[in-house]
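There are 2 protein chains.
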Amino acid sequence: MRKASITIKEIARQLNVSKSTVSRALRDSPEISEETKKRVIALAESLNYSPNPIALSLLRNRTQTLGIIVPDIANPFFSTAIGGVEDIAYSRGYHTMIYQSHESYERELADTKHIATRRVDGLIVSISSQTENHDHFVELQEQGIPVVFFDRVSETMPSHKVRVDDYKGAYEATEHLISRGCKSIAHIAGPANLSISRNRLKGYQDALTHHGIELHDEWVVSSEYNQAGGTERAYQLMALRNRPDAIFAASDRIAIGVHWALRQLGYRMPDDVAIVGFSDLSISSLLDPPLSSVAQPSFEMGQLAATLLLDLIESKSTPVAFETRVLTSNLIIRKSSMKELVGD
Amino acid sequence: MRKASITIKEIARQLNVSKSTVSRALRDSPEISEETKKRVIALAESLNYSPNPIALSLLRNRTQTLGIIVPDIANPFFSTAIGGVEDIAYSRGYHTMIYQSHESYERELADTKHIATRRVDGLIVSISSQTENHDHFVELQEQGIPVVFFDRVSETMPSHKVRVDDYKGAYEATEHLISRGCKSIAHIAGPANLSISRNRLKGYQDALTHHGIELHDEWVVSSEYNQAGGTERAYQLMALRNRPDAIFAASDRIAIGVHWALRQLGYRMPDDVAIVGFSDLSISSLLDPPLSSVAQPSFEMGQLAATLLLDLIESKSTPVAFETRVLTSNLIIRKSSMKELVGD
DNA sequence: CTGAAAGCGCTTACAG
DNA sequence: CTGAAAGCGCTTACAG
Numbered sequence: 001m002r003k004a005s006i007t008i009k010e011i012a013r014q015l016n017v018s019k020s021t022v023s024r025a026l027r028d029s030p031e032i033s034e035e036t037k038k039r040v041i042a043l044a045e046s047l048n049y050s051p052n053p054i055a056l057s058l059l060r061n062r063t064q065t066l067g068i069i070v071p072d073i074a075n076p077f078f079s080t081a082i083g084g085v086e087d088i089a090y091s092r093g094y095h096t097m098i099y100q101s102h103e104s105y106e107r108e109l110a111d112t113k114h115i116a117t118r119r120v121d122g123l124i125v126s127i128s129s130q131t132e133n134h135d136h137f138v139e140l141q142e143q144g145i146p147v148v149f150f151d152r153v154s155e156t157m158p159s160h161k162v163r164v165d166d167y168k169g170a171y172e173a174t175e176h177l178i179s180r181g182c183k184s185i186a187h188i189a190g191p192a193n194l195s196i197s198r199n200r201l202k203g204y205q206d207a208l209t210h211h212g213i214e215l216h217d218e219w220v221v222s223s224e225y226n227q228a229g230g231t232e233r234a235y236q237l238m239a240l241r242n243r244p245d246a247i248f249a250a251s252d253r254i255a256i257g258v259h260w261a262l263r264q265l266g267y268r269m270p271d272d273v274a275i276v277g278f279s280d281l282s283i284s285s286l287l288d289p290p291l292s293s294v295a296q297p298s299f300e301m302g303q304l305a306a307t308l309l310l311d312l313i314e315s316k317s318t319p320v321a322f323e324t325r326v327l328t329s330n331l332i333i334r335k336s337s338m339k340e341l342v343g344d
Numbered sequence: 001m002r003k004a005s006i007t008i009k010e011i012a013r014q015l016n017v018s019k020s021t022v023s024r025a026l027r028d029s030p031e032i033s034e035e036t037k038k039r040v041i042a043l044a045e046s047l048n049y050s051p052n053p054i055a056l057s058l059l060r061n062r063t064q065t066l067g068i069i070v071p072d073i074a075n076p077f078f079s080t081a082i083g084g085v086e087d088i089a090y091s092r093g094y095h096t097m098i099y100q101s102h103e104s105y106e107r108e109l110a111d112t113k114h115i116a117t118r119r120v121d122g123l124i125v126s127i128s129s130q131t132e133n134h135d136h137f138v139e140l141q142e143q144g145i146p147v148v149f150f151d152r153v154s155e156t157m158p159s160h161k162v163r164v165d166d167y168k169g170a171y172e173a174t175e176h177l178i179s180r181g182c183k184s185i186a187h188i189a190g191p192a193n194l195s196i197s198r199n200r201l202k203g204y205q206d207a208l209t210h211h212g213i214e215l216h217d218e219w220v221v222s223s224e225y226n227q228a229g230g231t232e233r234a235y236q237l238m239a240l241r242n243r244p245d246a247i248f249a250a251s252d253r254i255a256i257g258v259h260w261a262l263r264q265l266g267y268r269m270p271d272d273v274a275i276v277g278f279s280d281l282s283i284s285s286l287l288d289p290p291l292s293s294v295a296q297p298s299f300e301m302g303q304l305a306a307t308l309l310l311d312l313i314e315s316k317s318t319p320v321a322f323e324t325r326v327l328t329s330n331l332i333i334r335k336s337s338m339k340e341l342v343g344d
């Protein structure tokens, strides 16, 4: 079916020279005469020759390809980060292969396996929420395929990491709710195996404590990072005898579920319940009332992760030391949390 | 850097047999003794051997990889369709390489070029809105790399195509607005080089005509398929001396921009202006009021496109005839278009 | 300045 | 039943 592509051999035949000469001429080797170079290059162009990257891969044991595993490409946070990775990768002559774990450990395992057999040159990954064991990433790295984490990083595995200051973002979001007069602030945390979930929870707890507010266990619940989880947890929280007057959600997807639930239940936002999310997805500002959220520089995170990975791939020596880059988050205040301050 | 993977040669050495024998044993060839097979397979497993796909690609001139070009992976319509493609591809032993054209013709051209040199086995594509010339796809197909279009198809190029019934979807959406008593219905069309835009426009026009409603040129404007375009066009339409009482947008992204603009301008939906979009993105139902929209089976479109493409790739012979599969769209009515019928 | 040879990891006619 | 050889498309020491 596939039409035979034109090869170096064919050019050599037509020009009555050896394959070696053609190869050298094409790579502009100094040992080839200008005369010959010209003839070779002219014919190559007229034949529309392009070297077979498969052959080069076999030779160099490199594919010029980066793997990237995210839980879900439909999540704008991840698709934007992927955009950042591609931006850097393309400019440095690499291609990107995108995998989705769908928050499944098994799927993530299969993806890393595929990456190993496909001889991808390196991996950028944001861990699935169901993953508790990071051995598959360790193995990949031991095989010589470097791994860089972003956002959902491994705390145990030594490697480059790119993340935002989740703790500070959560702290500020909570402090903001306190400053708007909220007295009973609930938190819907993400799955506990992800460090981002734990850091955000800690930020929430510390903000309350530092402001002399007692922690209530019943106001801290946990959910997958999706809308359905947010809706369920909101029902649960609002059903409490002692219901909260504010909810800080560990992600915008959760917050969107909360938003929907509160509307169904007839609460006014922010007057009855103030809410703040995390990630600042573009749709969040379209809700009514628009959602306050902690913004993350997703595109930059992708760029940075790609840069660190490519430097690792292209460095001859083993890395000096692994580094963790922490980007700053940024609280965006919108109507969903702008509770009127009651004057006295 | 990269640790040497274990090869067939290494297994042969350890077992004191030839590479040929190892290769045959691993592929369970009938000409190898059970005895030898067992030894080879046992060692291969203990060494964690996996065949180098690069070597196979070079041999077979096949990469077991599908290319897919979409304008933007962050658009949920496309990310869902990609999910459908992957679903089928994985189950048939293929991998997917995702490219984004970002609605740019130049980028799309570079992507097809990359696909050709990378020896991808086939391409699934939804055309960029800035593309007027489809020669790059024709060339790819002539080189023996089959192309299947979905959603944004080429009308001129012979190939398999998967799309929805845009005309009927638009017709029904418009008819629905008429049935809710709207008298002056505007349409924000997509870029005219895309057939989906033209078909949706035609559906709108025919619905009006068939119901004896005169067409007004000033009520038909055009926009890129994004939110900013929808906002701009909404401002333009509502500024008219003779302003519309309904807007049918060629996509949900456009409709979301309209929704936002109308809220800014102080119009009530649907009472002042009823709106309907196209695609039924999941966020559309979260808007207040929730957006009516024509739903497209995006996942199924991806699955179908992948199936058609893989059949093409794996068939020995040239395709019998190219087919166009038209899936049915489905109008979802929500509050944004449920204008109260005025009783008499 | 140019060519023959070996090799990347694998498969598969062709011999035996 | 097993092995030696050729070949997929390319690069690069090694000779000349």
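These protein sequence lines are chains R and E, in that order.
Be aware that the first sequence starts at 1, since it is given in full-length UniProt numbering, and climbs by one per residue.
Be aware that the second sequence starts at 1, since it is given in full-length UniProt numbering, and climbs by one per residue.
Beta carbons are placed, not taken as given, at the ideal position from N, Cα and C, and that holds for glycine.
For a contact defined as C-beta to C-beta under 9 Å, what are the partners of residue i on chain E?
{"i": "R/I98", "result": "I73, I82, T96, M97 and I98"}
Would you kindly check if the distance between the Cβ of residue j and the Cβ of residue i is under 7 Å?
{"i": "E/K270", "j": "E/S336", "result": "Reading off the sequence, residue 270 of chain E comes out as Pro, not Lys. Going by C-beta atoms, E/P270 is nearer than 7 Å to E/S336."}
{"i": "R/A295", "j": "R/N242", "result": "no"}
{"i": "R/T117", "j": "E/S50", "result": "yes"}
{"i": "E/A186", "j": "E/L201", "result": "no"}
{"i": "E/I124", "j": "E/V85", "result": "yes"}
{"i": "R/Y171", "j": "R/T131", "result": "no"}
{"i": "R/T36", "j": "R/D121", "result": "no"}
{"i": "E/S195", "j": "E/Y225", "result": "no"}
{"i": "R/V258", "j": "R/G230", "result": "yes"}
{"i": "E/S293", "j": "E/S284", "result": "yes"}
{"i": "E/I32", "j": "E/K19", "result": "no"}
{"i": "R/A249", "j": "R/G277", "result": "yes"}
{"i": "E/T324", "j": "E/K161", "result": "yes"}
{"i": "R/A274", "j": "R/L177", "result": "yes"}
{"i": "R/P290", "j": "R/R334", "result": "yes"}
{"i": "E/S159", "j": "E/F322", "result": "yes"}
Interface residues of chain R around residue i at Cβ under 8 Å?
{"i": "E/R118", "result": "P53 and H95"}
{"i": "E/L123", "result": "The contacting residues do not exist; E/L123 stays about 13 Å from chain R at best."}
{"i": "E/S159", "result": "Under the 8 Å cutoff, chain R gives no residues; its nearest Cβ is about 15 Å from E/S159."}
{"i": "E/L58", "result": "N52, I54, A55 and L58"}
Rounded to the nearest angstrom, how far is the Cβ of residue i from that of residue j, given a contact under 8 Å?
{"i": "R/P53", "j": "R/S129", "result": "Wrong, their Cβ atoms sit about 36 Å apart, outside the cutoff."}
{"i": "E/A13", "j": "E/S57", "result": "It should be pointed out that residue 13 of chain E corresponds to Arg in this sequence rather than to Ala. At roughly 25 Å, the Cβ-Cβ gap does not stay under 8 Å, so E/R13 and E/S57 are not in contact."}
{"i": "R/I82", "j": "R/I98", "result": "6 Å"}
{"i": "R/L286", "j": "E/I256", "result": "6 Å"}
{"i": "R/V40", "j": "R/L66", "result": "That pair is no contact at about 32 Å."}
For residue i, does the three-state DSSP call read helix, strand or coil?
{"i": "E/L310", "result": "helix"}
{"i": "R/G67", "result": "strand"}
{"i": "E/Y235", "result": "helix"}
{"i": "E/D344", "result": "Unreliable positioning characterises E/D344 in this predicted model, as indicated by a pLDDT of 47, which lies under 50. The coordinate reading is nonetheless provided below. DSSP places E/D344 in coil when its eight states are reduced to three."}
{"i": "R/Q264", "result": "helix"}
{"i": "E/T324", "result": "strand"}
{"i": "E/Y49", "result": "coil"}
{"i": "R/Y94", "result": "coil"}
{"i": "R/H134", "result": "coil"}
{"i": "R/N330", "result": "strand"}
{"i": "R/V258", "result": "helix"}
{"i": "R/A228", "result": "helix"}
{"i": "E/V22", "result": "helix"}
Under 7 Å Cβ-Cβ, which residues of chain E neighbour residue i?
{"i": "R/D151", "result": "Within chain E, no residue comes near R/D151; the closest Cβ sits about 16 Å away, beyond 7 Å."}
{"i": "R/I283", "result": "I283"}
{"i": "R/P76", "result": "A74"}
For a contact meaning CB atoms closer than 9 Å, what does residue i contact in chain R?
{"i": "E/S50", "result": "K113, A116 and T117"}
By the criterion of Cβ-Cβ separation under 7 Å, what are the contact partners of residue i in chain R?
{"i": "E/L286", "result": "I256, W260 and L287"}
Shorter than 6 Å, the distance from the beta carbon of residue i to the closest heavy atom of the ligand MG, or not?
{"i": "E/P290", "result": "For the structure depicted, the ligand MG is absent and the ligand set is empty, with no information on it obtainable."}
Is it true that the segment 88–97 of chain E meets the segment 135–151 of chain E, where meeting means three or more beta-carbon pairs spaced less than 8 Å apart? Fewer than three pairs of CB atoms, one per stretch, sit closer than 8 Å, so the segment 88–97 of chain E makes no contact with the segment 135–151 of chain E.
Inspect the CB distances between the segment 261–269 of chain E and the segment 196–216 of chain E and report whether three or more fall short of 8 Å. no
The segment 167–184 of chain E in contact with the segment 133–144 of chain E per 3-pair CB rule at 8 Å: no
Quick test of the definition: if touching needs 3 or more C-beta pairs under 8 Å, does the segment 67–76 of chain R touch the segment 54–70 of chain E? no
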